[in-house]
Amino acid sequence: MVKNSSRDLLYRQRPIVTAVLVDGGFYRRRARKLFGEKTPEDRAEEIAKYARRHISESRSSLYRIFYYDCPPSSKVLFHPLTQKQINLAKSEQYAWTNEFFEALTHKRKVALRRGEELETQRGYTLNAEKTKKICAGKVSVSDLGEKDFDLDIAQKGVDMRIGLDIATLAERGTVNQIVMISGDSDFVPAAKHARRSGIDFLLDPMWAQISKSLREHVDGIRQCVVAPPGNANDPLHVGNMGKHGGESRPEDDEEL
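Sequential numbering from 3 applies to the sequence shown in my numbering.
Here is the structure:
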């Protein structure tokens with residue numbers, strides 16, 4: 003039997019240090035679907051707990067949780083249905099997002115990475131479902147409500163910050179495992195760079211559909227919540243909050 007080199011032995015014995023990178027816009031959309039609507043503080047606590055599930059699964063040490071998101075837009079936009087100007091800075095979503103960001107900054111080992119303020123080129127647009135029904139003659143304009151319109155917004159600066167942080171972590175050798183919570187194939191080049199640097203790169207798409215290229219260029223897919231409809235039984239689901247005697251996961255009770 004050929005003896006392993008001391009270098010290989012050292013590599014195997016090296017403790018796993020994990021950085022968890024969270025694409026904020028993606029996470030919040032998936033979390034609403036999987037865990038339900040929550041207050042800003044509860045959502046912030048949920049993120050910290052969910053990220054630590056990956057640490058438990060890897061039996062690793064947490065380096066840091068990096069959360070990437072854009073400040074909410076404060077623009078005044080015209081709504082085509084109500085024919086009124088909407089001040090986004092006075093909306094419930096604007097207040098919720100800022101309170102959520104503030105709550106995140108108080109969580110242990112969580113770094114908030116802000117992109118640029120959310121931008122919109124088209125303002126409010128009719129959602130795809132209603133557009134199809136109007137074209138098919140199934141509904142008329144008089145049947146539409148405000149909730150049938152979505153705010154067409156785009157985040158800026160987030161992808162760049164994620165890519166830079168992945169490159170920095172890889173070059174400095176700070177961690178040897180990265181967990182990316184996202185479903186965006188824009189991160190493929192950064193993932194490939196990390197893997198070439200010897201980092202174990204895992205993806206958590208939270209049961210969202212992902213592209214073939216994204217799946218091919220990561221070291222593994224791992225989701226720390228059961229797929230629907232089983233997600234309703236998760237301790238992080240809003241329907242299970244505050245229940246006594248219910249099943250819990252040990253990593254959910256770690257210091258936040």
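Even glycine gets a Cβ: it sits at the ideal position worked out from N, Cα and C.
Here the structure is a predicted model, which is why all the values come from computation and not from measurement.
- By the criterion of a C-beta distance shorter than 8 Å, residue 87 is surrounded in its chain by 78, 79, 80, 81, once the five residues flanking it on both sides are discounted.
- Collapsing the DSSP output to three states places residue 81 in a strand.
- For the region 168-211, the full-length alpha helix (DSSP H) segments reaching 4 residues or more read 190-198 along the chain.
- Look at the beta carbons and you see the region 62-79 touching the region 111-118: at least three pairs across the two are nearer than 8 Å.
- In the three-state reduction of the DSSP assignment, residue 136 falls in the helix class.
- Under the 10 Å beta carbon count, residue 36 is surrounded by 16 or more other beta carbons and is classified as buried.
- The alpha helix (DSSP H) runs lying completely inside the region 11-97 and spanning 4 residues or more are 26-37, 42-60, given in chain order.
- Where residue 158 is concerned, the enclosing beta strand (DSSP E) starts and stops at 151-158.
- Remark: C-beta atoms of residue 49 and residue 20 do not approach each other more closely than 8 Å.
- Residue state for residue 224 is assigned as coil, using DSSP reduced to three classes.
- When the five nearest sequence neighbours on each side are left out, the beta carbons in the same chain lying within less than 7 Å of the beta carbon of residue 40 are those of 48, 240, in order along the chain.
- Taking residue 148 as reference, the option from 61, 83, 96, 182 with the minimal CA-CA separation is 83.
- According to DSSP, residue pairing for residue 115 in a beta bridge involves 70.
- Taking 8 Å as the cut-off, the beta carbon of residue 132 is found no closer than this to the beta carbon of residue 153.
- Residue state for residue 146 is assigned as coil, using DSSP reduced to three classes.
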